[in-house]
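Note sheet for the following structure.
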Amino acid sequence: MQELELDGARALLLTPEDYAVLGEADFGAPGLTATEVLGPFVRLHAFGPLLTVHDALMEPGKGIGHHPHRFNERLFYILSGAIDHDDALNGIRGHMSAGDLGRLTEGRRGMLHQEWNNTDVPARAFILVYETDPVPERASFAVLRDADAPRYEEAPGVHSKELVGPRASLPVHGDIRLYVDSALEEGAGLDLALGQDEGALLAPLEGELTVAPGGVELMPGRCLLVAPSPGERRLLVRARTASRLLRAVHGPGRGLVFGRPLPRPPR
Numbered sequence: 266m267q268e269l270e271l272d273g274a275r276a277l278l279l280t281p282e283d284y285a286v287l288g289e290a291d292f293g294a295p296g297l298t299a300t301e302v303l304g305p306f307v308r309l310h311a312f313g314p315l316l317t318v319h320d321a322l323m324e325p326g327k328g329i330g331h332h333p334h335r336f337n338e339r340l341f342y343i344l345s346g347a348i349d350h351d352d353a354l355n356g357i358r359g360h361m362s363a364g365d366l367g368r369l370t371e372g373r374r375g376m377l378h379q380e381w382n383n384t385d386v387p388a389r390a391f392i393l394v395y396e397t398d399p400v401p402e403r404a405s406f407a408v409l410r411d412a413d414a415p416r417y418e419e420a421p422g423v424h425s426k427e428l429v430g431p432r433a434s435l436p437v438h439g440d441i442r443l444y445v446d447s448a449l450e451e452g453a454g455l456d457l458a459l460g461q462d463e464g465a466l467l468a469p470l471e472g473e474l475t476v477a478p479g480g481v482e483l484m485p486g487r488c489l490l491v492a493p494s495p496g497e498r499r500l501l502v503r504a505r506t507a508s509r510l511l512r513a514v515h516g517p518g519r520g521l522v523f524g525r526p527l528p529r530p531p532r
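Position in the sequence shown (from 1) plus 265 gives the number in this note's numbering.
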């Protein structure tokens, strides 16, 4: 974990050595692997409102059986394949295909759900878990279909798909202000403005990028977290090669919370 200062704000560059790779011993189920970027099993326990960030893979016909959650909300962005959600406590079922964004709201009552890949191809989901404020009374499920997500040219050579934000139709119950999947042509630049008390998560999926000021190099496996700050900041992301970048902009939440990783079962 490398600590940085970007335009006067604290930032963290995370690399694979900072992550935990969770598998069958952790989930009690075969065929599910999740790379934990932040959460209870790594040093960084929270970042703004974010409590967990997972890059998860499910093998065909595999998943995790019914298990409980309460109070928080999670976004499943399906990068490939498909995942089914079954909340037995509330009688809620949902299907998420490639390119869809699923919103799983746990609520005060909670949910008892399973996540399952019922297809014959692997599924990959980028998962954000965050606090809700206020906490909804009941669990719910909603989905923004890939075809319904707004798409626009955010800057020359930057083709963006908005998942959460002013153009997107899917409301969330936490302080996630913008969530965008951007494809950048080689050499394209994206000027990112962060307002007062806003933080950002930058997670590259493809290619090589640099972030100025500082010349931070990003590529798959390296995530940049820009901490909430009292002042406004500007970052310039430039694609050294054709790239794909996920970014989430959020409110102050808990700031940066570090702790001792929870113990894990013997492997």
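Ideal Cβ positions, reconstructed from N, Cα and C, are used throughout, including at glycine.
- Going by beta carbons, residue 504 and residue 451 fall inside the 9 Å limit.
- Closest by C-alpha distance to residue 307, out of 531, 530, 526, is 526.
- At a Cβ-Cβ threshold of 9 Å, residue 481 and residue 276 count as neighbours.
- Contact check for residue 287 against residue 490 fails: the beta carbons are separated by 9 Å or more.
- When Cβ pairs closer than 8 Å are counted between the two stretches, the stretch 375–387 is seen not to touch the stretch 310–317, the count staying below three.
- The Cβ-Cβ distance between residue 414 and residue 375 does not fall below 9 Å.
- One thing to note: residue 467 has its Cβ no nearer than 9 Å to the Cβ of residue 509.
- As DSSP reads the structure, residue 267 sits in a beta bridge with 278.
- Taking the CA atoms as reference points, residue 479 sits about 24 Å from residue 444.
- Secondary-structure assignment with DSSP links residue 426 through a beta bridge to 416, 446.
- Residue range 289–292 is occupied by the alpha helix (DSSP H) that includes residue 290, with no beta strand (DSSP E) assigned at that position.
- Around the C-beta of residue 447, 16 or more other C-beta atoms lie within 10 Å, and the residue is accordingly described as buried.
- In the DSSP assignment, residue 509 falls within the beta strand (DSSP E) that extends over 508–515.
- Secondary structure of residue 283 (DSSP, three-state): helix.
- Annotated three-state conformation of residue 411 is helix, per DSSP.
- Less than 9 Å separates the beta-carbon of residue 501 from that of residue 454.
- Distances from the alpha-carbon of residue 517 to those of 266, 371, 464 put 464 closest.
- For residue 306, there is no enclosing beta strand (DSSP E), as DSSP marks it with neither H nor E.
- If you draw a 10 Å sphere on the C-beta of residue 372, you find 16 or more other C-beta atoms in it, and that means buried.
- When secondary structure is reduced to three states using DSSP, residue 324 falls in the coil class, being assigned neither helix nor strand.
- In the three-state DSSP reduction, residue 481 falls in the strand class (E or B).
- For residue 268, the number of other beta carbons within 10 angstroms of its own is below 16, and it is reported as exposed.
- Take residue 280, set aside five residues on each side of it, and the residues of its chain with a beta-carbon closer than 6 Å to its own are 487, in chain order.
- Per DSSP, reduced to three states, the secondary structure at residue 312 is strand.
- Cα atoms of residue 435 and residue 369: separation of roughly 12 Å, rounded to the nearest angstrom.
- In the three-state scheme derived from DSSP, where H, G and I count as helix and E and B as strand, residue 456 is classed as strand.
- Close CB contacts of residue 305 within its chain, under the 6 Å cut and outside five residues either way in sequence, are with 527 (chain order).
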